[in-house]
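J.: Residue numbers (this note's numbering): 12 to 681. No residue lacks a Cβ here, since even glycine has one placed at the ideal position from N, Cα and C. Structure provided below as structure tokens; questions to follow.
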């Protein structure tokens with residue numbers, strides 16, 4: 012490799028954003044997998060982690076041009092070492108973003124990191140090692156197999172998490188600032204250096220002119236001496252203490268069929284469901300539901316912005332970087348989502364960190380953050396996402412097609428960018444703050460839990476809450492464009508078209524019907540695949556899904572998706588309709604039913620031993636839908652007892668010859 016500066020510009024206007032990158036590649040043979048190699052790799056991993064922490068902080072600064080930044084390093088063919096510092100930005104900000112990337116890298120290379128940063132990085136790595144060691148008995152066998160294969164290919168020894176903890180803990184303890192700063196410099200020799208700008212920036216000028224502008228912009232950054240990194244103020248956590256209150260009455264009962272403890276706290280402010288399992292030792296999952304979520308969205312697009320703003324803001328007292336720094340050394344994490352029926356905090360932690368998880372939840376409810384810089388960052392990220400969606404047939408289907416098929420239902424539709432752009436931070440705060448403060452809570456815990464300790468912590472942090480009941484809004488009727496076809500276009504450079512056929516079905520809440528609609532989707536998927544691939548000789552991969560609504564009464568969709576050649580879109584739409592018509596007229600034979608049933612039964616057996624299933628499908632919102640607690644007892648029996656005739660009856664009811672609606676998204680012709 013020549014010692015040189017390389018400029019790489021790739022014009023991709025359909026990408027919707029601009030990708031920036033600084034990279035270096037140099038010769039480096041890894042050598043045998045000895046202690047010295049593992050020590051070097053650990054120091055490099057730690058150095059990249061500290062640089063990534065800085066990048067995350069920069070992304071949250073007001074007016075920052077960067078998003079989704081990161082530094083990566085790896086081996087190629089056991090001869091070369093590559094290191095890449097990359098980020099996304101908008102086309103008009105590529106120079107500002109490139110300058111900031113370069114300055115951040117040079118700050119670390121010239122001035123090094125701080126002791127505070129190093130201690131945080133060490134704590135984060137030690138927490139990861141501790142979690143891996145405590146949960147090694149629950150490792151996924153497929154992931155473990157892939158790790159073994161990867162290590163064999165890279166000439167590495169596969170170690171157990173406990174062994175890795177024993178090996179790396181003393182190395183981390185002995186790691187100094189000098190060591191980690193040197194590790195970063197080893198990854199980034201001065202030359203060769205590559206500068207990359209790809210995507211929407213400079214896409215309308217000749218390639219040579221774009222290269223010249225990039226070279227000039229980068230050369231100007233080289234003449235600027237980067238100042239030392241400015242450290243942030245640290246804040247201790249936890250900083251909120253729950254108000255003292257009289258012990259409240261708790262009604263505790265058990266749903267024996269599901270093995271779930273149900274705690275009702277006096278005053279109806281809190282209901283808790285606790286499921287103790289041994290599926291993943293030393294791990295706990297949590298979900299907290301409150302309010303009505305999307306059902307009372309004040310403006311289209313508010314939910315998209317709201318969940319991003321809450322996630323990126325940290326808390327009212329601590330910004331996200333300060334909160335992450337304070338939590339370094341623990342595995343407790345929490346995130347916010349706006350769901351169809353409720354707002355949700357989901358969390359996870361080691362069993363020993365349950366109180367920290369409760370403290371996090373208490374803080375997020377009582378001291379929420381709505382930071383202007385977080386709002387602007389989320390808006391910039393969404394703007395890039397919308398530009399990308401508008402430049403592909405799949406994205407146009409999501410933006411316009413789903414709205415057409417669902418009559419604008421909040422459960423299915425994506426708001427327009429104009430709607431999102433019109434939402435203000437004040438509107439988001441006015442919507443969320445009263446709900447966070449006042450709405451009754453449903454707290455669900457699944458995993459390796461001490462039941463008595465869980466009840467004690469719930470009572471301490473939330474037993475004194477005085478929250479108000481909230482009435483659910485009346486659902487709005489949804490119209491389906493039966494028999495209609497919508498034609499759209501998108502500037503997709505792949506030259507492919509997107510075909511969607513949908514039939515109206517029903518809502519989610521008749522679980523026997525929902526399960527059988529799921530089986531009908533599997534059977535139809537199999538039929539469409541055979542027709543298109545084997546009978547017509549086309550290499551397309553159809554996908555069929557049943558999507559019953561949780562919030563729209565008597566409404567659901569059975570949808571078939573195909574990415575196809577534009578000149579075959581209408582023909583294949585007719586072919587899919589013919590398959591559905593044939594399924595209705597002929598019924599379902601035993602062989603194809605078995606092909607659909609057996610993988611489903613295997614998946615059910617696996618999910619019944621999954622904490623995620625119990626949390627998301629059984630406990631979550633079961634205070635509002637108590638029938639969910641009986642579903643695990645019946646699910647395997649029900650799917651085993653299903654018969655082809657039952658699925659055929661649903662096909663006759665829903666897959667009517669003139670009942671399908673279609674969306675065709677075609678690439679725009681130049």
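Roughly how many angstroms separate the alpha carbons of residue 132 and residue 243, rounded to a whole number?
T.: 15 Å
J.: May I ask whether a heavy atom of the ligand ADP can be found less than 7 Å away from the beta carbon of residue 363?
T.: Judged by which ligands are present, the structure shown has none, so any question about the ligand ADP falls away.
J.: Contact between the stretch 208–220 and the stretch 17–37: three or more CB pairs below 8 Å?
T.: yes
J.: What separation, rounded to the nearest whole angstrom, lies between the Cα atoms of residue 456 and residue 285?
T.: 5 Å
J.: Using CA coordinates, which residue listed in 371, 367 and 446 is at the minimum distance from residue 482?
T.: 446
J.: Check whether the stretch 90–107 and the stretch 72–82 are in contact - that is, three or more C-beta pairs closer than 8 Å.
T.: yes
J.: Report the residue ranges of all alpha helix (DSSP H) runs contained in full by the stretch 501–558; include only those spanning at least 4 residues, in chain order.
T.: 522–540
J.: Under 8 Å, do residue 625 and residue 146 count as touching if we go by C-beta distance?
T.: For the pair residue 625 and residue 146, the CB atoms are not nearer than the 8 Å cut-off.
J.: What does the alpha-carbon distance come out to for the pair residue 119 and residue 311?
T.: Roughly 43 Å separates the two Cα atoms.
J.: Which whole-angstrom value is the C-beta distance of residue 249 and residue 409, which I expect to be below 8 Å?
T.: Their Cβ separation, rounded to whole angstroms, is 40 Å, which puts residue 249 and residue 409 out of contact at 8 Å.
J.: Counting along the chain, where does the beta strand (DSSP E) carrying residue 101 start and finish?
T.: From DSSP, residue 101 is part of no beta strand (DSSP E); its letter is neither H nor E.
J.: Considering only C-alpha positions, which residue in the set 236, 309, 394 and 672 is nearest to residue 116?
T.: 236
J.: Leaving out five residues on either side along the sequence, give the residues of the same chain with a beta carbon under 8 Å from the beta carbon of residue 20.
T.: 207, 208, 209, 213, 218, 221, 222 and 225
J.: Mind the definition here: the stretch 171–191 touches the stretch 323–337 only if three or more C-beta pairs lie below 8 Å; say whether that holds.
T.: Taking a contact to require three or more Cβ pairs closer than 8 Å, the stretch 171–191 and the stretch 323–337 do not qualify as touching.
J.: Examine the Cβ distances between the stretch 299–319 and the stretch 344–362 and report whether three or more of them are shorter than 8 Å.
T.: yes
J.: Would the beta-carbon of residue 63 fall within 8 Å of that of residue 124?
T.: Annotated as distal: residue 63 and residue 124, with beta-carbon spacing of 8 Å or more.
J.: So the candidates are 494, 518, 510 and 491; which of them puts its Cα closest to the Cα of residue 500?
T.: Ranked by Cα distance from residue 500, the options 494, 518, 510 and 491 are led by 510.
J.: List in chain order: all unbroken beta strand (DSSP E) runs of 3+ residues lying wholly within the stretch 425–461.
T.: 452–458
J.: Roughly how many angstroms separate the alpha carbons of residue 174 and residue 598, rounded to a whole number?
T.: 57 Å
J.: Quick check on this structure: which residue in 551, 665 and 461 has the alpha carbon closest to the alpha carbon of residue 494?
T.: 665
J.: According to DSSP, is residue 639 part of a helix, a strand, or is it coil?
T.: helix
J.: What residue range is occupied by the uninterrupted beta strand (DSSP E) comprising residue 359?
T.: 354–361
J.: Would you call the stretch 467–479 in contact with the stretch 264–283, where contact means no fewer than 3 C-beta pairs closer than 8 Å?
T.: yes
J.: Going along the chain, which residues of its own chain have a beta-carbon closer than 6 Å to the beta-carbon of residue 525, five neighbours each way excluded?
T.: 519 and 559
J.: Helix, strand or coil for residue 12, going by three-state DSSP, please let me know.
T.: Confidence is the limiting factor: at residue 12 the pLDDT is only 38, short of 50, which leaves the residue's position unreliable and the question unanswerable from this model.
J.: Are the Cβ atoms of residue 516 and residue 568 separated by less than 8 Å?
T.: yes
J.: In chain order, what residues of the same chain have a beta carbon less than 6 Å from the beta carbon of residue 392, not counting five sequence neighbours either side?
T.: 78.
J.: Start and end of the beta strand (DSSP E) containing residue 287?
T.: 281–287
J.: Should residue 31 be labelled buried (16 or more other beta-carbon atoms within 10 Å of its own) or exposed?
T.: buried
J.: Over what stretch of residues does the alpha helix (DSSP H) that includes residue 406 continue unbroken?
T.: 404–407
J.: Kindly give me the distance between the Cβ atoms of residue 351 and residue 562, rounded to whole angstroms, as I take these residues to be in contact under 8 Å.
T.: 5 Å
J.: Between which two residues does the beta strand (DSSP E) carrying residue 567 extend?
T.: Run containing residue 567: 567–575, per the beta strand (DSSP E) assignment.
J.: Report yes or no: do the stretch 333–346 and the stretch 420–440 share at least 3 C-beta pairs separated by less than 8 Å?
T.: no
J.: Going along the chain, which residues of its own chain have a beta-carbon closer than 7 Å to the beta-carbon of residue 489, five neighbours each way excluded?
T.: Within the same chain, 417, 418, 420, 563 and 566 come within 7 Å of residue 489 by CB-CB distance, once the 5 residues on both sides are set aside.
J.: Tell me the rounded alpha-carbon separation between residue 411 and residue 65.
T.: 38 Å
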